[in-house]
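Colleague:
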Amino acid sequence: MTKRLLLFFSVLLYFVNAVEGQVSPLDNRNYISSRKGLPDAFRVFNSQKKATVAFLGGSISTAPGWRDSVCVSLQRRFPNTSFHFIAAGIPSLGSLPHAFRLQRDVLDSGKVDLLFLEAAVNDEVNETDSLIQLRALEGIVRHARLAQPNMDIVLMSFADPDKTRAYNEGKIPVSIVNHELIAAHYGLPSVNLAKEVRDRMENKEFSWEKDFKDLHPSPFGQGLYAKTIRALLAVNFEDAALTGDKKRGVRQLPKPLIKGNFERGHYQKITAANYSNGWKLIEDWNPSDGLGTRKGFVHVPMLVATHPEATLTLNFKGTAVGMSVVSGADAGTVLYSIDNGPEKELDLYTKWSRSLHLPWYVLFGSNLKEGSHILKLRITERKNEKSTGNACRIAHFLVN
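Residues in the sequence shown are numbered consecutively from 1109, following this note's numbering.
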């Protein structure tokens, strides 16, 4: 009897493995939304000798993998075009940082024909407020299109365990809802790679643990991303080819979807602040504690204070204000007010600060009345119990 059971289960296991090995893979086109397509990018790629493609995102856009594959694919598809690729990915950064660094890191490079934008993973990981996500994402799109109306834009939502869990519970992750909402309002192509990864795992095509491995994907995961993004480009280029590559008129932006979006987001120089003796402007900041750093946030000017009661003021014009800091093991807590309003407290220490001087973007106020304002900031003696100090290291002020 025991031998018969063993034989039965052995045969059953054989057929289960055989079925799993022969599963029909899902169609990646199910996760692509073309909307108004990429007509202007196609026209430039197909008929002009020079073109620029930018990638604005976090670590998944920084690491070797899908981005390199897309670049090679474009060069092969349009061999007579000389491409300039802008790799504007910085690990840990999501939609809020992107909205304020877009000008410097992308637009200041000149004409951009196609922009790839992703923030869904870091918006989730950084716990960015949903309304701030929307203001930032819409701000990026509007800022880009106001500066360069014929720029085509693709929004991408990558995978992470939280998104897989949400889909398994019958929910749509908030950051993906926000990406799709903005993409739909502006008619932008988008791709939901998080849903594709979840569905393919449900379809027994691969597993997270053995194949994908991490939200920073293995080569297998990077390959999956590349294949689907290339499919998005192929579908949209084929559609554009059918309608011809004649130059269209200047696009007209629809009305804003979100009040107070960051369409004028930019960096304001740290030298614009008036500060007390407790602050020091370091022209080439580099940590002495051995902690890690991020590209663009080391060997740059930094406004630094390390003791309580250091104060500064910043005069600015706009509807939003904040700052980008590097938050290390000694990150402190600040008190701030706008236009002499009540002081509010903000802890600059993060869950990653123990081992990294993390670029961290914080907003002090948004949807302010249009016009001139005054930000006041001071370091308090209170600090996170895990922090070793009271430091505040400012790389940029953020103004919209």
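We treat Cβ as the ideally placed atom computed from N, Cα and C, and that holds for glycine. These figures come from a predicted structure and were not determined experimentally.
1. Could you check the C-alpha separation between residue 1166 and residue 1148 for me, to the nearest Å?
2. For a test of the three-state rule: what should DSSP assign to residue 1245, helix, strand or coil?
3. With distances taken between CB atoms, is the gap from residue 1370 to residue 1508 smaller than 9 Å?
4. Does the distance from the C-beta atom of residue 1408 to that of residue 1397 stay below 9 Å?
5. Which term fits residue 1308, buried or exposed, when burial requires 16 or more other beta carbons within 10 angstroms of its beta carbon?
6. Let me know the secondary structure DSSP gives residue 1407 once reduced to three states.
7. Quick check: what's the CA-CA separation for residue 1150 versus residue 1244?
8. On the CB-based measure, 16 or more other CB atoms within 10 Å of its CB, does residue 1155 come out buried or exposed?
9. From what residue to what residue does the alpha helix (DSSP H) around residue 1170 run?
10. Count the CB pairs spanning the stretch 1175-1187 and the stretch 1324-1340 that are closer than 8 Å, and state whether there are at least three.
11. Taking just the CA atoms, how far does residue 1402 sit from residue 1498?
12. For residue 1450, which residues of its own chain have a beta-carbon under 6 Å away from its beta-carbon, when the five flanking residues on both sides are left out?
13. Distance, Cα to Cα, residue 1485 vs residue 1212?
14. Counting C-beta neighbours from all protein chains within 10 Å, is the total for residue 1305 16 or more, i.e. buried, or is it exposed?
15. For residue 1376, is the classification buried or exposed, using 16 other Cβ atoms within 10 angstroms of its Cβ as the cut-off for buried?
16. Determine, using beta carbons only, whether residue 1296 and residue 1249 come nearer to each other than 9 Å.
17. Measure the beta-carbon distance from residue 1218 to residue 1163 and round it to whole angstroms, keeping in mind my assumption that it falls under 8 Å.
18. Buried or exposed, going by whether 16 or more other CB atoms sit within 10 Å of the CB of residue 1231?
19. Please report the residue range of the beta strand (DSSP E) in which residue 1212 lies.
Modeller: This is what the structure holds:
1. As a working note, residue 1166 is residue 58 in the sequence shown. As a working note, residue 1148 is residue 40 in the sequence shown. Residue 1166 and residue 1148: Cα-Cα distance of roughly 26 Å.
2. Counted from its first residue, the sequence shown places residue 1245 at position 137. In this structure, residue 1245 counts as helix in the three-state DSSP scheme.
3. The residue you call residue 1370 lines up with position 262 of the sequence shown. The residue you call residue 1508 lines up with position 400 of the sequence shown. Yes; because the gap between Cβ atoms is below 9 Å, this pair is in contact.
4. The residue you call residue 1408 lines up with position 300 of the sequence shown. The residue you call residue 1397 lines up with position 289 of the sequence shown. Cβ distance not < 9 Å, so residue 1408 and residue 1397 don't count as in contact.
5. Residue mapping note: residue 1308 aligns to position 200 of the sequence shown, counting from 1. So residue 1308 ends up on the buried side.
6. Position 299 of the sequence shown, counted from the start, is the residue given in the question as residue 1407. Coil, per DSSP.
7. Along the sequence shown, one-based indexing puts residue 1150 at 42. Along the sequence shown, one-based indexing puts residue 1244 at 136. Near 27 Å, if we compare the C-alpha coordinates of residue 1244 and residue 1150.
8. Translated into positions along the sequence shown, residue 1155 becomes position 47. The residue in question, residue 1155, is exposed, as its Cβ has fewer than 16 Cβ neighbours within 10 Å.
9. For the purposes of this step, residue 1170 is taken as the residue at position 62 of the sequence shown. Residues 1167-1170.
10. yes
11. Stepping through the sequence shown from its first residue, residue 1498 is reached at position 390. Stepping through the sequence shown from its first residue, residue 1402 is reached at position 294. Approximately 21 Å between the Cα atoms of the pair.
12. Taking the first residue of the sequence shown as 1, we reach residue 1450 at position 342. Contacts found: none.
13. Against the sequence shown, residue 1485 aligns to sequence position 377. Against the sequence shown, residue 1212 aligns to sequence position 104. Roughly 25 Å separates the two Cα atoms.
14. Taking the sequence shown and counting its residues from 1, the one referred to as residue 1305 is at position 197. Buried, since its Cβ has 16 or more Cβ neighbours within 10 Å.
15. Mapped onto the sequence shown, residue 1376 falls at position 268. Buried, by the Cβ-count rule.
16. Your numbering for residue 1296 matches position 188 in the sequence shown. Your numbering for residue 1249 matches position 141 in the sequence shown. A contact, by the Cβ cut-off of 9 Å.
17. Within the sequence shown, residue 1218 is the residue found at index 110, counting from 1. Within the sequence shown, residue 1163 is the residue found at index 55, counting from 1. The pair is not a contact, with the Cβ atoms about 16 Å apart (cut-off 8 Å).
18. Mapped onto the sequence shown, residue 1231 falls at position 123. By the 10 Å Cβ count, residue 1231 comes out buried.
19. As a working mapping, residue 1212 is identified with position 104 in the sequence shown. Unbroken run through residue 1212 is the alpha helix (DSSP H), 1203-1213; no beta strand (DSSP E).
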